[in-house]
Amino acid sequence: MGQVCTALQDKMKGKTWKEKQIKIITNRVFDTIKGDTSVQKDHLEFDELYIAVLHVYNEINKRLPGPHCDPPSEEKLKATIREFDLNLDGLLDRDEFLEFIKKITTDTIALVSRNLIIALVVAPTAALLSKKATEGVPGVGRAVQKIPSSVYASAVVLAVVWLQNAGVDP
Numbered sequence: 182m183g184q185v186c187t188a189l190q191d192k193m194k195g196k197t198w199k200e201k202q203i204k205i206i207t208n209r210v211f212d213t214i215k216g217d218t219s220v221q222k223d224h225l226e227f228d229e230l231y232i233a234v235l236h237v238y239n240e241i242n243k244r245l246p247g248p249h250c251d252p253p254s255e256e257k258l259k260a261t262i263r264e265f266d267l268n269l270d271g272l273l274d275r276d277e278f279l280e281f282i283k284k285i286t287t288d289t290i291a292l293v294s295r296n297l298i299i300a301l302v303v304a305p306t307a308a309l310l311s312k313k314a315t316e317g318v319p320g321v322g323r324a325v326q327k328i329p330s331s332v333y334a335s336a337v338v339l340a341v342v343w344l345q346n347a348g349v350d351p
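Just add 181 to the spot in the sequence shown (first one is 1) and you have the working numbering.
1) Can you give me the start and stop residues for the alpha helix (DSSP H) that Pro-305 sits inside?
2) With 16 as the cutoff for other CB atoms within 10 Å, does Ala-340 come out buried or exposed?
3) Just grab the DSSP bridge partners of Asp-270 for me.
4) Within 10 angstroms of its Cβ, does Leu-235 collect 16 or more other Cβ (buried), or is it exposed?
5) Check whether the Cβ atoms of Val-237 and Ile-290 sit closer than 8 Å, and answer yes or no.
6) Note the first and the last residue of the continuous alpha helix (DSSP H) segment covering Pro-318.
7) How would you label Thr-207, buried or exposed, when you count the other beta carbons within 10 angstroms and need 16 or more for buried?
8) Given this structure, state the Cα-to-Cα distance separating Ser-294 from Gly-317, to the nearest angstrom.
9) Run the CB neighbour count on Ile-328, radius 10 Å, all protein chains shown included, and call it buried at 16 or more, exposed below.
10) Can you tell which of Val-321, Glu-229, Arg-209 has its C-alpha closest to the C-alpha of Asp-271?
11) Is Asp-266 near Asp-223, with beta carbons less than 8 Å apart?
12) Three-state secondary structure (DSSP) at His-224?
13) With distances taken between CB atoms, is the gap from Leu-225 to Ile-214 smaller than 8 Å?
14) Enumerate in chain order the residues of its own chain whose CB-to-CB distance from Glu-255 is below 8 Å, with the five nearest sequence positions on each side excluded.
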């Protein structure tokens, strides 16, 4: 029971919870990539970094709703890596990798957040307002009013989520 309360408290903190989740993901990916080599080291070369970025974007696309998000190109990664290589050795250690991933996924997370807000807040509100607006329309109004509001809102939300997954901006 204590673990559930702790998890709920972490989620209520918002930003700190998100930071903790990002750190868990980056540590897991870093360890996976680092474990693929025969030499134990605590940094990633560019080729390993690119594979790690592909792993992170794969997780984002599997776990978060919305359209598929493509990872940045190799050229963009090469330009961005210079910004986060604090010791200028051409390699990223664990902490540099965490900051690097935060930077390159900022736009992706914003897109997913926007899609969630549309699907969970805007779409149901618009559905209920449109249902109210159809009362005066002959023929259609009576049919729409017979549908329970919860079913009507759910159908509209499903349509919006389907459009988002199809890549169409609602």
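Backbone N, C-alpha and C fix where the C-beta goes; we use that ideal spot for every residue, glycine too. All of these numbers come straight from a predicted model, not from anything done at the bench.
Well, looking at it:
1) 304 to 314
2) exposed
3) Asp-270 is not bridged to any residue.
4) Answer is exposed; the Cβ neighbour count stays below 16.
5) no
6) Here residue 318 turns out to be Val, not Pro, going by the sequence shown. Looking at the DSSP string, Val-318 is not in any alpha helix (DSSP H), and its letter there is neither H nor E.
7) Counting the other Cβ atoms within 10 Å of the Cβ of Thr-207 gives 16 or more, which makes it buried.
8) 36 Å
9) exposed
10) One point to set straight first is that residue 271 is Gly, not Asp, in the sequence displayed. Out of Val-321, Glu-229, Arg-209, Glu-229 has the C-alpha closest to the C-alpha of Gly-271.
11) no
12) strand
13) yes
14) So the list reads Tyr-231, once near-sequence residues are dropped.
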